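To keep things clear, I will list the structure first and then write my remarks on it.
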Amino acid sequence: MRALTAEQRAADLEAMARGGVDVLVIGGGITGAGIALDAALRGYRVGLVERDDFASGTSGWSTKLIHGGIRYLPQGDVPLVREALIERGRLLANAPHLAHPLAFVLPLYTMSRRPVGLPVAPPWGVGLSAILDMGLSLYDTLAGRANVAHHRRISRDEVIRRAPCLLPNGLTRGFLYADGQTDDTRLTLAIVRSAADVGALVANHASVTGFEQSGDRLIAARVRLNAPGEGSRELVIPAAHIVNATGVFAERVEALTGATPLLDIQPSKGAHLVLRRDALAMTNDAVVLPETADGRIIFVVPWRSRVIVGTTDTGGGDLDRPVANDDDVRYLLDHLNRSVRRPLARDEIVSTYAGYRPLLRLRHARTPSRLSRTHAIVESASGLISISGGKLTTYRIMAQEVVDRIDARDGSRRPCLTKKWPIAGAAGWPAALPGLRARAARLGLPFETVVHLGDSYGSLASDVLDRIEADPALAAPLDPDLPATLAEVEYAVSVEQAFTVADVLERRLRLSIEAADHGLAAAPLVADHLTRRLGWDDALRSAQIAAYAATAAMHGAGLDEPLAAGA
Ligand SMILES: Cc1cc2nc3c(=O)[nH]c(=O)nc-3n(C[C@H](O)[C@H](O)[C@H](O)COP(=O)(O)OP(=O)(O)OC[C@H]3O[C@@H](n4cnc5c(N)ncnc54)[C@H](O)[C@@H]3O)c2cc1C
Numbered sequence: 426m427r428a429l430t431a432e433q434r435a436a437d438l439e440a441m442a443r444g445g446v447d448v449l450v451i452g453g454g455i456t457g458a459g460i461a462l463d464a465a466l467r468g469y470r471v472g473l474v475e476r477d478d479f480a481s482g483t484s485g486w487s488t489k490l491i492h493g494g495i496r497y498l499p500q501g502d503v504p505l506v507r508e509a510l511i512e513r514g515r516l517l518a519n520a521p522h523l524a525h526p527l528a529f530v531l532p533l534y535t536m537s538r539r540p541v542g543l544p545v546a547p548p549w550g551v552g553l554s555a556i557l558d559m560g561l562s563l564y565d566t567l568a569g570r571a572n573v574a575h576h577r578r579i580s581r582d583e584v585i586r587r588a589p590c591l592l593p594n595g596l597t598r599g600f601l602y603a604d605g606q607t608d609d610t611r612l613t614l615a616i617v618r619s620a621a622d623v624g625a626l627v628a629n630h631a632s633v634t635g636f637e638q639s640g641d642r643l644i645a646a647r648v649r650l651n652a653p654g655e656g657s658r659e660l661v662i663p664a665a666h667i668v669n670a671t672g673v674f675a676e677r678v679e680a681l682t683g684a685t686p687l688l689d690i691q692p693s694k695g696a697h698l699v700l701r702r703d704a705l706a707m708t709n710d711a712v713v714l715p716e717t718a719d720g721r722i723i724f725v726v727p728w729r730s731r732v733i734v735g736t737t738d739t740g741g742g743d744l745d746r747p748v749a750n751d752d753d754v755r756y757l758l759d760h761l762n763r764s765v766r767r768p769l770a771r772d773e774i775v776s777t778y779a780g781y782r783p784l785l786r787l788r789h790a791r792t793p794s795r796l797s798r799t800h801a802i803v804e805s806a807s808g809l810i811s812i813s814g815g816k817l818t819t820y821r822i823m824a825q826e827v828v829d830r831i832d833a834r835d836g837s838r839r840p841c842l843t844k845k846w847p848i849a850g851a852a853g854w855p856a857a858l859p860g861l862r863a864r865a866a867r868l869g870l871p872f873e874t875v876v877h878l879g880d881s882y883g884s885l886a887s888d889v890l891d892r893i894e895a896d897p898a899l900a901a902p903l904d905p906d907l908p909a910t911l912a913e914v915e916y917a918v919s920v921e922q923a924f925t926v927a928d929v930l931e932r933r934l935r936l937s938i939e940a941a942d943h944g945l946a947a948a949p950l951v952a953d954h955l956t957r958r959l960g961w962d963d964a965l966r967s968a969q970i971a972a973y974a975a976t977a978a979m980h981g982a983g984l985d986e987p988l989a990a991g992a
């Protein structure tokens, strides 16, 4: 695979500016990455520029589910659910190292009335079980041949066995259904790497600040480079087609054309808590908590060494600095504690995180549309194509729709190839797993490290092992409680275009939310490594460690104050 080194990024940027591109994609979240991959596979010369780091926006702060969206069924959004279920199946097949099936326990209590957001509560809960059974049968049917596993009713005892954290009082029975789970930043990064491997030119820390026009058409984008030590250099990248895939920022980027944006984005924040698995006595099954007072669904999901609890849905806040605030923590913890056997104290929360979903309305639509949770694609008079909304799960079909539009503009009919395209690390996976295990054992690596490497890199994990074989000191863990190794820091900077301490610890290794200290102890070690590889001076090294401390603080946000009495 093409290694995304610092030198390669510089060469890619130079090539974009000198030769121009057919398609310039703005935004390195999962949507932009998917578009870059699809367009490059169809033979377009593609450039992808990301303001901060790949997956540093919403794509890094999801619940990490690859799902049809069970809660959209009661709202009658059947086509939306079907599309997501089909895409779920494709992603599980195309990225088996990064997307895997996950069982969900849906408990029923005597007081359950509107689980999974049923719009109408059956009187006294009569017939609720039959309604859920029908809904879950529809969910299975809509997934077609790619269904993960058929749902089934489970007894009270089985609910307790699979979800021992749940309060047993009033528990009557439950359902077990299947969806999928991923690691959102690693998935996004793998798609970026896949795009680069088929020729896309890619650069993070490269922000679009404006456009150049000829007549009323956009012909180029102005891009400011902002990797540490790069000194805010600006480039102009000529492009035949420019795609704005900047998620919640899409309205801002549209406004850079000087025209009134077509997208009207209402950001809605979703916050999560990260807990230790043993704090909740979790098995490997996820749990759908009983309905909240405001009709939301809250998932409790085992993820890596931790458990994720989320999410919320509130307006307001700083889009550039999404944090779970005190109210978010209180809301999630209160609801969790109403549903579990052993209530959790605030100081048992390992970390928090939050992201913004773009709720969309279209300006200039013939009929004013309601705020939508699906995606929208709009084309401005200047030719800018903007896409926003959707889900991680549906990134591929969204990308296909965008590139189909470009094809239609060009009058070409290049077939989309992403339906069965293996994402970086998928080739030869999981067949490579036994070999990987044997090699890791010869190198003296613990079992958890092998599991972690396989789940993070798939068949490319052998590249990480190559580094450990060459220098056994790189087998050292970055955190005593977690399997991530120093070799992965080396890999991140040599192959995965990491430029900052946060690029490594927040996006590529996830210590910012997984480690009890948010990765603070590892930060100087990572900074030393980046200093050697990227030629930083002492001042830059210190500034980077300080910047990482601010990042880490975002994941302890909302945890400082004790809950008020009675909360
Ligand atoms: C709380 C929450 C939970 C979710 N859970 C799930 C889930 O479990 N499963 C699921 O399928 N979906 C989930 N989603 C939805 C999913 O996360 C998003 O649909 C998806 O990540 C959006 O990706 P994106 O690429 O469109 O946007 P983003 O990931 O936000 O990417 C946009 C990128 O554009 C960059 N950018 C902005 N301005 C510029 C500029 N001027 N120049 C260059 N780059 C720029 C940003 O830095 C950013 O990286 C969740 C969303 C939220 C908010």
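Numbering (the working numbering), first residue to last: 426 to 992. Backbone N, C-alpha and C fix where the C-beta goes; we use that ideal spot for every residue, glycine too. Owing to the predicted nature of the structure, the values given are computational and were not obtained by experimental measurement.
Alpha carbon to alpha carbon, how far is residue j from residue i? Give it in angstroms, no decimals.
i: N651; j: R570; result: 46 Å
i: A480; j: G552; result: 43 Å
i: A706; j: V503; result: 35 Å
i: D891; j: A917; result: 14 Å
i: A948; j: F529; result: 36 Å
i: A628; j: P663; result: 15 Å
i: V446; j: K816; result: 27 Å
i: I822; j: M979; result: 33 Å
i: L531; j: D880; result: 26 Å
i: F872; j: E913; result: 16 Å
i: Q825; j: T956; result: 40 Å
i: R766; j: Y469; result: 56 Å
i: L601; j: G742; result: 36 Å
i: G672; j: G683; result: 19 Å
i: I893; j: P692; result: 44 Å
i: A568; j: T708; result: 26 Å
i: L868; j: D558; result: 50 Å
i: N750; j: H697; result: 10 Å
i: A927; j: R577; result: 43 Å
i: L789; j: I667; result: What sits at residue 789 in the sequence shown is His, not Leu. If you take the alpha carbons of H789 and I667, they lie about 21 Å apart.
Compute every distance between the C-beta of residue i and the non-hydrogen atoms of ligand 1, then say whether any falls below 8 Å.
i: A706; result: no
i: T736; result: yes
i: F636; result: no
i: I812; result: yes
i: V633; result: yes
i: F479; result: yes
i: R678; result: The amino acid occupying residue 678 in the given sequence is Val; Arg does not appear at that position. True, at least one ligand heavy atom lies under 8 Å from that Cβ.
i: G683; result: no
i: A528; result: no
i: Y781; result: yes
i: G883; result: no
i: A461; result: no
i: A571; result: no
i: G742; result: no
i: L660; result: no
i: I451; result: yes
If you count every other CB in all the chains shown that lies within 10 Å of the CB of residue i, and 16 or more means buried, which is it?
i: N519; result: buried
i: Q638; result: exposed
i: P747; result: buried
i: S580; result: exposed
i: S805; result: buried
i: K694; result: buried
i: I566; result: The residue you asked about is not Ile; residue 566 is Thr in the sequence shown. Exposed is the call here.
i: T976; result: buried
i: S813; result: buried
Less than 8 Å between the CB atoms is what I'm expecting for residue i and residue j, so what's the real figure, rounded?
i: R649; j: F636; result: About 13 Å separates the two Cβ atoms, so there is no contact after all.
i: L523; j: R611; result: 6 Å
i: I938; j: V699; result: 5 Å
i: K489; j: D609; result: 5 Å
i: V471; j: L688; result: With a Cβ gap of about 23 Å, V471 and L688 do not count as contacting.
i: H630; j: D477; result: 7 Å
i: P499; j: P855; result: That belief does not hold up - the Cβ atoms of P499 and P855 are roughly 36 Å apart, past 8 Å.
i: V541; j: I495; result: 5 Å
i: L803; j: L787; result: The sequence shown places Val at residue 803, not Leu. That belief holds up - the Cβ atoms of V803 and L787 are roughly 7 Å apart, short of 8 Å.
i: V617; j: G453; result: 6 Å
Cβ of residue i within 8 Å of any heavy atom in ligand 2?
i: L567; result: The model on display carries ligand 1 but not ligand 2.
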